[in-house]
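Chemist: Residue numbers (this note's numbering): 451 to 1032.
Built from N, CA and C at the ideal position, the CB exists for glycine as well.
A single structure is presented below for examination.
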């Protein structure tokens, strides 16, 4: 029982080794599998290299246990073969079962290989070239190094080198104008003990043009003249010259304006010619603010400026170079002349109100308008009526005085809510070959007072007797008149001294004052005063035969005053003192 158990165990014997790529001849003997036995057995072999891939590599002699190799093996394809060995009795029962491992020995049959045969890069981008070896890591065969075999073109200010990791760098300065492209041949070589294998690749480096040349403004075209109040015109075109690559950020120009406090201009770059186009923008120019505008225009590139120069070349390490990223941009002075155009006159105010009495006589003064011409050369302005629906007014073309040429009527259909509106224009005489320019309209809203219920202009002049000439003379308040066009006003006090006891006053519509005239009483109240009798003007009665003064019942104050006027004149003639007669 114990022997049977031992015989049924699976044993792992020492591993065999096969050198990859063995040149033959085949088959050759690899070794013999030996086991202790006291009877005849037969050998079988199964697994990788026999009936599993790679098939047909191994075989075993069924009686002697000799292992034979029938063809070469590739380490890169299979590094270890795992097989099963069986020893059977004559009755085909398994007596012994063993596991066998056969190692494949690597030889230097593969050079280090690059990932690509050709690398194409741009110098301003970081790039690392790495080769890898397909041989077993850690063995002498897989140890290799990099070497730059050639560089084309070979320039004095640029030298390329490569480190142990395959990183290509350079020392010195690159100049796109000297060399736009470098072709570098790189070799990777291993350290085989017998044979050293290598491979190579080509690296093409394109030198992208940087901004190592500053643009300059080489000239300008255009009239350099612009009309005032004009926008969108381009009086000047600036020509830029740059030695960097055409249409690259290092070539494209960008212009800047200095001295344009009013923000009247902008400069746009023509994408085809790289010219700067000076244009008047939304803030138009004014001739009266200055005939000329002096501007400073500078130019630079879209890409930042960079400068490099080799100062010292050393045998080891990096070279000494001088670099700069700051440079003063090129600038020019330009003069823009502003051409005067005929600006319209300007009214001091655009809307005015005026008062006009209904049925005012022809020639009545209404208002005065005033306009100012900003152009000193166009100072001869004149005024004209723009709209006068009823044809009531005229304007002095030079003074601007508005007067009536017809009698105004408040009931006219052109009067709206008591207001009659006229429009006026101010016109300058213009330049030679240039038409005159209108300003306006200027609006006059004339408020027409209604004659019915409104006061007219009245002159009251009454002379009465001197109280000191008669006994028991009493002072009588004859009349108090208040006329004003405003709801609130200040009374103007009058002096009632002198021989004229009834003060007269004349008020015109539109005055902002109030004048109160009265006679003061010097005796007791006149509650029981009886009017004197006198004759009306034109009657044949004697002056001593006076009738009573009566006031008509009409509501119109104007009619009342017209009625009382002749009676007061008769009263004045009666009471006139002898020393002031004639």
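1. Beta-carbon within less than 7 angstroms of residue 595's beta-carbon, same chain only, minus the 5 sequence neighbours each way: which residues are those?
2. So, using beta-carbon positions, are residue 684 and residue 672 closer together than 9 angstroms?
3. If we call anything under 9 angstroms between Cβ atoms a contact, is residue 472 one with residue 504?
4. Residue 476 and residue 510 - do their beta-carbons sit closer together than 9 angstroms?
5. Evaluate residue 478 with the Cβ neighbour count: other Cβ atoms within 10 Å of its Cβ, from every protein chain shown; 16 or more gives buried, anything less gives exposed.
6. Under 7 angstroms Cβ to Cβ from residue 761, same chain only, skipping five residues before and after it: list those, please.
7. For the 8 angstroms Cβ check, are there 3 or more pairs between the stretch 522-538 and the stretch 600-614?
8. Nearest to residue 695 by CA position, among 687, 663, 728, is which residue?
9. Leaving out five residues before and five after residue 733 in sequence, what residues of the same chain have Cβ atoms less than 6 angstroms from its Cβ?
10. So, with DSSP's three-state summary, where would you put residue 414?
11. Relative to the C-alpha of residue 491, which residue among 513, 840, 848 is closest?
12. Would you mind reading off the limits of the beta strand (DSSP E) that contains residue 804?
13. I'd like the list of long-range same chain contacts for residue 869, defined as Cβ closer than 8 angstroms, with 5 residues on each side in sequence excluded.
14. Can you give the beta carbon distance from residue 851 to residue 872, rounded, assuming they're within the 8 angstroms contact cut?
15. On the DSSP letters alone, give me the boundaries of the beta strand (DSSP E) that residue 677 sits inside.
16. So, under 8 angstroms CB-CB, residue 787 and residue 709 are touching, yes? Tell me the CB distance rounded to an integer number of Å.
17. So, is residue 724 buried or exposed, given that buried needs 16 or more other C-beta atoms within 10 angstroms?
18. Count the other CB atoms, across all protein chains shown, that sit within 10 Å of the CB of residue 810; report buried if there are 16 or more and exposed otherwise.
19. In this structure, does DSSP put residue 930 in helix, strand or coil?
20. Can you tell me whether DSSP reads residue 538 as helix, strand or coil?
21. Indicate the three-state DSSP secondary structure (helix, strand or coil) for residue 758 in the structure shown.
22. So residue 741 and residue 680 are supposed to be a Cβ contact under 8 angstroms. How far apart are they, rounded?
23. On the criterion of 16 or more Cβ atoms from any shown chain inside 10 Å, does residue 506 qualify as buried, or is it exposed?
24. What would DSSP say about residue 815, mapped onto helix, strand or coil?
Modeler: Let's see:
1. Taking the chain shown and counting its residues from 1, the one referred to as residue 595 is at position 145. Cβ neighbours of residue 595 beyond the five flanking positions: 614, 639.
2. In the chain shown, residue 684 corresponds to position 234, counting from 1. In the chain shown, residue 672 corresponds to position 222, counting from 1. Yes; because the gap between Cβ atoms is below 9 angstroms, this pair is in contact.
3. If you number the chain shown from 1, residue 472 lands on position 22. If you number the chain shown from 1, residue 504 lands on position 54. No.
4. Taking the first residue of the chain shown as 1, we reach residue 510 at position 60. Taking the first residue of the chain shown as 1, we reach residue 476 at position 26. Result no, Cβ atoms of residue 510 and residue 476 do not sit closer than 9 angstroms.
5. As a position in the chain shown, residue 478 is number 28, starting the count at 1. Counting Cβ neighbours within 10 Å, residue 478 comes out exposed, since fewer than 16 surround it.
6. One-based indexing of the chain shown puts residue 761 at position 311. Result list for residue 761: 770, 771, 772, in chain order.
7. no
8. Numbered from its first residue, the chain shown carries residue 695 at position 245. Measuring from the Cα of residue 695, the nearest candidate turns out to be 663.
9. The residue given as residue 733 occupies position 283 in the chain shown. These residues qualify, in order along the chain: 712, 713, 714.
10. Since the displayed the chain opens at 451 and closes at 1032, residue 414 lies outside it and no answer follows.
11. If you number the chain shown from 1, residue 491 lands on position 41. Considering only alpha carbons, the answer is 513.
12. On the chain shown, residue 804 is found 354 positions in, with the first residue counted as 1. Note, residue 804: beta strand (DSSP E), 801-807.
13. Mapped onto the chain shown, residue 869 falls at position 419. Cβ within range, chain order: 895, 896, 897, 898.
14. As a position in the chain shown, residue 851 is number 401, starting the count at 1. As a position in the chain shown, residue 872 is number 422, starting the count at 1. That pair is no contact at about 13 angstroms.
15. As a working mapping, residue 677 is identified with position 227 in the chain shown. Per DSSP, residue 677 belongs to the beta strand (DSSP E) from 675-677.
16. One-based indexing of the chain shown puts residue 787 at position 337. One-based indexing of the chain shown puts residue 709 at position 259. Incorrect: roughly 15 angstroms between the Cβ atoms, too far for contact.
17. By one-based count along the chain shown, residue 724 stands at place 274. Counting Cβ neighbours within 10 Å, residue 724 comes out buried, since at least 16 surround it.
18. Numbered from its first residue, the chain shown carries residue 810 at position 360. Looking at its Cβ environment, which holds 16 or more other Cβ atoms inside 10 Å, residue 810 is buried.
19. Start at 1 with the first residue of the chain shown, and residue 930 comes out as number 480. Note on residue 930: pLDDT 49, under 50, position unreliable in the model; no value is reported.
20. Position 88 of the chain shown holds residue 538. It is a strand residue.
21. Counted from its first residue, the chain shown places residue 758 at position 308. Reduced to three states, the DSSP call for residue 758 is strand.
22. To locate residue 741, count along the chain shown from 1; it is residue 291. To locate residue 680, count along the chain shown from 1; it is residue 230. With 8 angstroms as the limit, residue 741 and residue 680 do not qualify as a contact, their Cβ atoms being about 15 angstroms apart.
23. Translated into positions along the chain shown, residue 506 becomes position 56. Residue 506 comes out exposed.
24. Within the chain shown, numbered from 1, the residue matching residue 815 stands at position 365. Three-state DSSP puts residue 815 in a strand.
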